[in-house]
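Trainee: Handing you a structure now.
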């Protein structure tokens, strides 16, 4: 499968730590050649935006979710490891 960017999602977050689990206000910037595809989009109340996170690690398969991370100075509990498909981690093994 080949993915071809048609635009990007832009927001004020400069790093992952500034992103909340509820998301942040963002805007979609479409490449100019796709502008004709917006015809009559304004007649709809909702749209689906499928995104691809471009700056995440692709080789991570297991993570400790935010709410289960060890406190500073404590060792992480290996029982808290989760596969990336079982959590909302942006890390995904896909290309």
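Residue numbers (the working numbering): 1099 to 1193.
Even glycine gets a Cβ: it sits at the ideal position worked out from N, Cα and C.
1. Could you give the first and the last residue of the continuous beta strand (DSSP E) run that contains residue 1105?
2. Is the segment 1126-1144 in contact with the segment 1164-1183, if contact means three or more CB pairs nearer than 8 Å?
3. Between the segment 1128-1138 and the segment 1100-1111, do at least 3 Cβ pairs fall closer than 8 Å?
4. Given residue 1155, which residues of its chain have a CB within under 8 Å of its CB, disregarding the five upstream and five downstream residues?
5. Report the three-state DSSP secondary structure of residue 1125 (helix, strand or coil).
6. At the level of alpha carbons, what is the spacing between residue 1160 and residue 1175?
7. Only counting the same chain, and skipping five residues up and downstream in sequence, which positions put a Cβ closer than 8 Å to that of residue 1129?
8. Can you tell me the Cα-Cα spacing of residue 1169 and residue 1110, whole angstroms?
Mentor: So, from the listed chains and residues:
1. 1105-1108
2. no
3. yes
4. 1189
5. strand
6. 13 Å
7. 1103, 1104, 1105
8. 28 Å
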